[in-house]
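Just so you know, the sequence shown maps onto residues -20 to -1, 1 to 309 in mature numbering (1 follows the signal peptide of the UniProt record, and there is no 0).
C-beta atoms are modelled at their ideal positions from N, C-alpha and C, and glycine is treated no differently.
The structure displayed is predicted, hence computed values, not measured ones.
Accompanying notes for the structure given below.
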Amino acid sequence: MRFGWALAGALLLSAMNVSAEPLQELRVLSGHPVEGMRGGNLSGLAMCGGELWTVSDRDDDQIYRLNTADQVWQAEALHIDVPLVPETGLPWGLRSRNWAASFVRGGDLDFEGISCDSAGNRYIVSEGHAAVLQVPVSGPVNWLKISPMMVREARASGMLLHFNAIFEGLAISPAGDQMWLAAERQSRGLLLIKRQQTVWDCDGRCVLLSEGGKEMQPPQFPKARAVNRDFSDLSLFNGKLFTLERNAFQICRRDAQTAKVERCWSYAAELLQANRRYSQNFGLEEALIVDADGAWVGVDNNFGPRADGEVRPIVWRFAAPDGGWSAKP
């Protein structure tokens, strides 16, 4: 019995040591302030046919194409006529809190992520309503018809229970027939729905992952403490799902069908340098694109000044990690 306990303890200690190994740090190549976003609050990024698009969680009637010709990027607004939001299954209490908050912050829809399929159609997730808006290349803007089973299953798994902690990111398959959604926190999670004729529905189970709990902020963070595990955006690349985990200052590669973590990389060493810090005691990165050469990461600083005085949203370009995104630990 004593040998069994000793072996179990050794295995646990070994697992803790493995998990405590420092992550490979990503390297910044450039940083780009963004001007021209009426509501600021850059909360998503997508690459569509070689063009970068973004959204603000304060603007309900426009999205932005980014002119990247200069060091400072210019946001060029595209007006959208958004139809009435369909019923999604969120309870009245959450919807009413979101409606009340919109008078203070601006933006009832609370756009929190954008993604594109290979045809150039854009998909935008509304945190305020747990709904997905499609902005097609041509034709009217429309809300996707999503089975209420998605929200029902997510809530039964412990997600989508708290105000301002609903969907924070999405990723669409190149063919436009599969969609991943990230529940932000308390509990965070990942869901997968598939297009079935005219309705998006679960294929078996919607929920790939649901987890609560806390994790330590990286050691570079001033007065590091335990904070809620979270997701703030998603990116699909080479068949893998990449999660932006802002409270841990990391990007993780996951199996797209199981959400199992395969490897993570940290960006804390770069973005927590003294002149790049913000006064908030949590991460502010809310937008992610992963590609063969690196990653774009966007910051939603809510007009809060950085240590060097910069108040505009920033999009950072990181180099791909050593060995590429498919490298094994």
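Residue i - DSSP class collapsed to helix/strand/coil
| i | result |
| --- | --- |
| residue 309 | coil |
| residue 188 | strand |
| residue 251 | helix |
| residue 155 | coil |
| residue 27 | strand |
| residue 112 | strand |
| residue 52 | coil |
| residue 1 | coil |
| residue 38 | coil |
| residue 227 | helix |
| residue 60 | coil |
| residue 9 | strand |
| residue 232 | strand |
| residue 299 | strand |
| residue 15 | strand |
| residue 183 | coil |
| residue 47 | strand |
| residue 176 | strand |
| residue 33 | strand |
| residue 239 | coil |
Residue i Cβ short of 7 Å to the ligand HEM heavy atom set
| i | result |
| --- | --- |
| residue 180 | The model on display carries no ligand, and the ligand HEM is accordingly not part of it. |
Nearest-angstrom Cβ-Cβ length linking residue i and residue j, presumed shorter than 8 Å
| i | j | result |
| --- | --- | --- |
| residue 291 | residue 283 | 6 Å |
| residue 302 | residue 42 | With a Cβ gap of about 39 Å, residue 302 and residue 42 do not count as contacting. |
| residue 224 | residue 268 | 4 Å |
| residue 239 | residue 189 | 4 Å |
| residue 117 | residue 99 | 6 Å |
| residue 318 | residue 149 | Nothing can be reported for residue 318: it is not among the residues displayed for the chain, which extend from -20 to 309. |
| residue 258 | residue 230 | Their Cβ separation, rounded to whole angstroms, is 17 Å, which puts residue 258 and residue 230 out of contact at 8 Å. |
| residue 266 | residue 288 | Incorrect: roughly 20 Å between the Cβ atoms, too far for contact. |
| residue 62 | residue 89 | 7 Å |
| residue 24 | residue 8 | Residue 24 to residue 8, Cβ: 20 Å. No contact. |
| residue 293 | residue 14 | 5 Å |
| residue 300 | residue 274 | 5 Å |
| residue 211 | residue 164 | 6 Å |
| residue 198 | residue 228 | 7 Å |
| residue 250 | residue 64 | Residue 250 to residue 64, Cβ: 43 Å. No contact. |
Same chain, Cβ closer than 8 Å to residue i, five either side skipped, listed in chain order
| i | result |
| --- | --- |
| residue 48 | 12, 32 |
| residue 38 | 18, 19, 20, 21, 85, 86, 87 |
| residue 97 | 103, 152, 153, 154, 155, 156 |
| residue 194 | 206, 207, 208, 209 |
| residue 46 | 14, 31, 32, 33, 34, 53, 54, 55, 56, 295 |
Cβ-based neighbour list, residue i, same chain, cut-off 6 Å, excluding 5 preceding and 5 following
| i | result |
| --- | --- |
| residue 146 | 107, 110, 140 |
| residue 233 | 220, 222, 242, 243 |
| residue 271 | none |
| residue 77 | 143 |
| residue 29 | 100 |
| residue 180 | 124, 126, 173 |
| residue 128 | 69 |
| residue 66 | 123 |
| residue 255 | 287, 288 |
| residue 105 | 92, 93, 112, 147, 150 |
| residue 27 | 269 |
Close Cβ partners of residue i (< 7 Å) along its chain, the five nearest in sequence each way excluded
| i | result |
| --- | --- |
| residue 183 | 174 |
| residue 309 | 243 |
| residue 306 | 218 |
| residue 82 | 88 |
| residue 10 | 297 |
| residue 74 | 143 |
| residue 187 | 133, 134, 137, 169, 171 |
| residue 50 | none |
Report task. Could you pull out every unbroken beta strand (DSSP E) segment of at least 3 residues lying fully inside the region 196 to 222, listed in chain order? Result -> 206 to 208, 213 to 217
Query raised in the report: Okay, do the region 168 to 177 and the region 124 to 144 touch, 3+ Cβ pairs below 8 Å being the bar?
Result: yes
Query raised in the report: Three or more C-beta pairs closer than 8 Å, one from the region 199 to 209 and one from the region 174 to 182: is that the case here?
Result: no
Query - Inter-stretch contact (C-beta, 8 Å, three-pair minimum) for the region 238 to 254 and the region 117 to 124 - result: no
Query - Contained alpha helix (DSSP H) runs [length at least 4] in the region 241 to 290, N- to C-terminal order - result: 248 to 251
Requested in this report: Within the region 62 to 105, note down every full alpha helix (DSSP H) run reaching 4 residues or more, in order along the chain.
Outcome: 72 to 85
Requested in this report: State whether the region 91 to 99 contacts the region 49 to 62, with contact taken as three or more CB pairs (one from each stretch) at a distance under 8 Å.
Outcome: no
Report task. Run through the region 114 to 174 for me and flag every whole beta strand (DSSP E) of 3 or more residues, listed as ranges in chain order. Result -> 147 to 152, 158 to 163
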